[in-house]
Amino acid sequence: MNSPFRGNVGWVEVICGSMFSGKSEELIRRLRRAQIARQRVQIFKPRMDDRYDIDHIVSHSELRIKSQLVSNSQEVWEAVEARTEVIGIDEVQFLDEEIVVVCDKLANMGKRVIVAGLDKDYMGRPFEPVPQLLATAEYITKTLAICVRCGNPANYTQRLIDSDQRIVVGAEGAYEARCRRCFEVPGQVVEKMAGRP
Ligand code: ADP
Ligand code: ZN
Numbered sequence: 004m005n006s007p008f009r010g011n012v013g014w015v016e017v018i019c020g021s022m023f024s025g026k027s028e029e030l031i032r033r034l035r036r037a038q039i040a041r042q043r044v045q046i047f048k049p050r051m052d053d054r055y056d057i058d059h060i061v062s063h064s065e066l067r068i069k070s071q072l073v074s075n076s077q078e079v080w081e082a083v084e085a086r087t088e089v090i091g092i093d094e095v096q097f098l099d100e101e102i103v104v105v106c107d108k109l110a111n112m113g114k115r116v117i118v119a120g121l122d123k124d125y126m127g128r129p130f131e132p133v134p135q136l137l138a139t140a141e142y143i144t145k146t147l148a149i150c151v152r153c154g155n156p157a158n159y160t161q162r163l164i165d166s167d168q169r170i171v172v173g174a175e176g177a178y179e180a181r182c183r184r185c186f187e188v189p190g191q192v193v194e195k196m197a198g199r200p
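In my numbering, the protein residues as written are 4 to 200.
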């Protein structure tokens, strides 16, 4: 994104949606372009998400980009170097709520901050701190997956294993993308009125 701002002003971009919707792909695409433009880029991912690789962000389609592990928002703040122009964070829902303030401060310092994360948890509830980031961001991209049941656009992440922990880092087969009609809230029997408003 070219800066519409005059002077040394930064901004926050959020990429959000369900699992498998292409958030990491889109984040990697934007960061790669910044690197091609020879901007100074720093990329972070939460330590909790060590599913595929500890020092790369890896998309489900196997795109990858080098990243640095952080345990919390304070570590992001401390790791950002003064000359860095673009900051990327994947799986931002695994960081604490202070990340909202950290992103804001970095943008105020003139940096472009791009974060990607789940906007809803396994129950379909807003997943902090993503809703707060959506409120403070200048730019928002919502990505949709394909519902594995019916092929419609999917906005929900269906957990396939039995757990009521909010965070269960996705092993193979633990989650799938579902549309609003096919998504089932765990532990809740819902009468779906197909075809009705
Ligand atoms: P996210 O970061 O949102 O989990 P990724 O960027 O890691 O998504 O992966 C997106 C890729 O996942 C797609 O390009 C596609 O190759 C793959 N994929 C697997 N299942 C689905 C699905 N149900 N809908 C869309 N893409 C899927
Ligand atoms: Zn569906």
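Even glycine gets a Cβ: it sits at the ideal position worked out from N, Cα and C.
* Asked: Can you name, in chain order, every residue of its own chain whose Cβ lies under 8 Å from the Cβ of I31, other than the five neighbours on each side?
  -> Residue numbering aside, residue 31 sits at position 28 when the sequence shown is read from its first letter. So the list reads I60, S62, L66, R67 and I68, once near-sequence residues are dropped.
* To do: Tell me, to the nearest whole angstrom, how far the beta carbon of R162 is from that of Y178; I am working on the premise that it is less than 8 Å.
  => On the sequence shown, residue 162 is found 159 positions in, with the first residue counted as 1. On the sequence shown, residue 178 is found 175 positions in, with the first residue counted as 1. Confirmed, Cβ separation roughly 6 Å.
* Could you name the residues of the same chain whose beta carbon sits closer than 8 Å to that of K114, not counting the 5 residues immediately before and after it, in chain order? => Reading the sequence shown from its first residue, position 111 is the one you call residue 114. The beta carbon of K114 sits closer than 8 Å to those of G13, V83, T87, E88, V89 and I90, all from its chain and outside the five residues before and after it, given in chain order.
* Taking a cut-off of 6 Å, which residues have a beta-carbon closer than that to any heavy atom of the ligand ZN, in chain order? -> Any heavy atom of the ligand ZN counts here; residues with a Cβ closer than 6 Å to one of them, in chain order, are C150, R152, C153, N155, R181, C182, R184 and C185.
* What does DSSP give as the partner residues of W14 in its beta bridges? -> In the sequence shown, the residue the question calls residue 14 occupies position 11. BP columns for W14 point to R115.
* To do: Verify whether the separation of the beta carbon atoms of Q96 and V73 is less than 8 Å.
  => Taking the sequence shown and counting its residues from 1, one reaches residue 96 at position 93. Taking the sequence shown and counting its residues from 1, one reaches residue 73 at position 70. For the 8 Å CB-CB criterion, Q96 and V73 do not form a contact.
* At what residue ranges does the region 134-179 contain a whole run of the beta strand (DSSP E), taking only runs of 3 or more? -> Counting whole runs of 3 or more residues, the region 134-179 contains the beta strand (DSSP E) stretches 142-146 and 159-162.
* Asked: Residues in its own chain within less than 7 Å of E131 by CB, not counting five upstream and five downstream?
  -> As a working note, residue 131 is residue 128 in the sequence shown. Taken in chain order, the residues that qualify are E100.
* To do: May I ask you to check if the CB of S70 is nearer than 7 Å to at least one heavy atom of the ligand ADP?
  => Working through the sequence shown from its first residue, we reach residue 70 at position 67. No, since every heavy atom of the ligand ADP falls outside the 7 Å radius drawn around the Cβ of S70.
* Asked: Where does Q45 sit, in a helix, a strand or coil, going by DSSP?
  -> Taking the sequence shown and counting its residues from 1, the one referred to as residue 45 is at position 42. Correct three-state label for Q45: strand.
* In three-state DSSP terms, what is I31? -> Position 28 of the sequence shown, counted from the first residue, corresponds to residue 31. I31: helix per DSSP, three-state reduction.
* Work out the CA separation of I46 and D52 for me, nearest whole Å. => The sequence position of residue 52 within the sequence shown is 49, counting from 1. The sequence position of residue 46 within the sequence shown is 43, counting from 1. D52 and I46: Cα-Cα distance of roughly 14 Å.
* Asked: Which first and last residues belong to the alpha helix (DSSP H) in which V61 is found?
  -> Numbered from 1 along the sequence shown, position 58 holds the residue referred to as residue 61. No alpha helix (DSSP H) holds V61; the beta strand (DSSP E) holding it covers H59 to V61.
* **Residue(s) in a DSSP beta bridge with G91** => Stepping through the sequence shown from its first residue, residue 91 is reached at position 88. DSSP, once it has assigned bridges, lists I46 and I117 as partnering G91.
* Inter-residue spacing [alpha-carbon to alpha-carbon] between V105 and S166 -> For this step, residue 105 is matched to residue 102 along the sequence shown. For this step, residue 166 is matched to residue 163 along the sequence shown. Our two residues, V105 and S166, have alpha carbons roughly 31 Å apart in a direct line.
* Measuring alpha carbon to alpha carbon, tell me which of L98, T144 and Q71 ends up nearest E29. => The residue labelled residue 29 in the question sits at position 26 within the sequence shown. The candidate whose alpha carbon is nearest that of E29 is T144.
* Asked: Using a Cβ-Cβ cut-off of 7 Å (strictly less than) and excluding sequence neighbours within five positions of R169, which residues of its own chain qualify?
  -> Translated into positions along the sequence shown, residue 169 becomes position 166. Non-local C-beta neighbours of R169 in its own chain, meaning closer than 7 Å and more than five positions away in sequence, comprise D124, ordered along the chain.
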